[in-house]
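Undergrad:
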Amino acid sequence: MLMITSDAESPAGFISCGNLVNENGFTHVCRNLDCYVLIFVQKGCLYIRQDEKNYEVKENEFILLFPNMTHYGYKPSSGYLSYYWVHFSFPHPRLSTERSFSINQPFSHSLNAPLSPYHEISAKDELYFIPAYGTLPSVCRSSLLFAQLLDTYKRGKYASIVHCHYALNSFLLEFSEEMLSKYAPKSNPDDPIENIIEWIRRHYRENLKISQMAERFNYNPDYLSALFKKHTGYSLLLYINLMRLNIAKDMLVNTELSIKSISEDCGFRDEKYFFRIFKKYIGTTPNKYRLSFRLKYMNIK
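Just so you know, the sequence shown maps onto residues 140 to 440 in the numbering used here.
1. Taking the alpha-carbon positions, what's the R340 to M382 distance?
2. Report the rounded CA-to-CA distance for I269 versus M140, giving the unit in angstroms.
3. Could you give the uninterrupted runs of the alpha helix (DSSP H) lying entirely in the stretch 337-395, keeping only those of 4 residues or more?
4. Give the secondary structure of E195 by DSSP, where H, G and I count as helix, E and B as strand, and everything else as coil.
5. Could you please give me the residues that DSSP links to L307 through a beta bridge?
6. Report yes if the CB atom of S282 is closer than 8 Å to the CB atom of D389, and no otherwise.
7. Where do the N-terminal and C-terminal ends of the alpha helix (DSSP H) with Y213 fall, by residue?
8. Quick check on DSSP: helix, strand or coil for P232?
9. Mapping the DSSP letters down to three states, classify R188 as helix, strand or coil.
10. Cβ of L96 within 8 Å of Cβ of L177?
11. Mind checking who E200 pairs with in its DSSP beta bridge?
12. If you count every other CB in all the chains shown that lies within 10 Å of the CB of C169, and 16 or more means buried, which is it?
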């Protein structure tokens, strides 16, 4: 599989972006552009051909369309289709294949919580890395930043292109980090903190209690709490809540679910408690957060 890499010290250049929405029978036009196009499918399936290969890009999947490479829809979509798209350029891109690209150092990053001492900083953090096609992570912060980019572009205020330039690079860096975590060597499977973080990712919807987690990992509850904070900088309860809040933010932007449903789906048993900690750590209410991302440039063809 092809993939593009580029030094993040030379930022990507923003061109345009939008949200395509079509009720039925969408076929992508035949084009050969001089820029990159990155597509995140939100709903439905996009049938598109590139480099003599057909792709079925389904919900929560992405595709990168390369410059000077013809792409077109090889059959109409069936039913509702919605996807985010952005056109951009790289000043010094490098084309690689999955076989030729390698990362020598382990890459440890929690996609569900802010940067912490547990995040290993390395040269990879200064690299744009975008595969030609793939699946988005189950908790995708880059999708949230993509929506923010669309919102910035739609507002069209003075100097909005400058704002979009920075929003694009923030989005691409986050997306690159998510993709790098898939290709990097895995962290030590015997690392207790990694195991706990992964377990939280799988069970965040449940009514998690420190006593139950301590029993699950054969630790004294106080020792487990101290060990986790030493390595991550967060208490267990705060880490769990921050993970849930990041998932809730993504759902507020990318779904039409009620706030009550979102709070329950993210593991909050009390809606009032959800509102309270959302305001405390995000700085606004769930309603206002959702409304702040509602503006998107929408096209139908």
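In this text, a Cβ means the ideal position worked out from N, Cα and C, and glycines have one as well. Fair warning: this is a prediction, and the values are worked out from it, not measured in the lab.
TA: This is what the structure holds:
1. 8 Å
2. 11 Å
3. 349-355, 360-371, 375-393
4. strand
5. According to DSSP, L307 bridges with nothing at all.
6. yes
7. Element bounds for Y213: n/a, residue is neither H nor E.
8. coil
9. strand
10. Absent from the structure is residue 96, since the part of the chain shown begins at 140 and ends at 440.
11. T274
12. exposed
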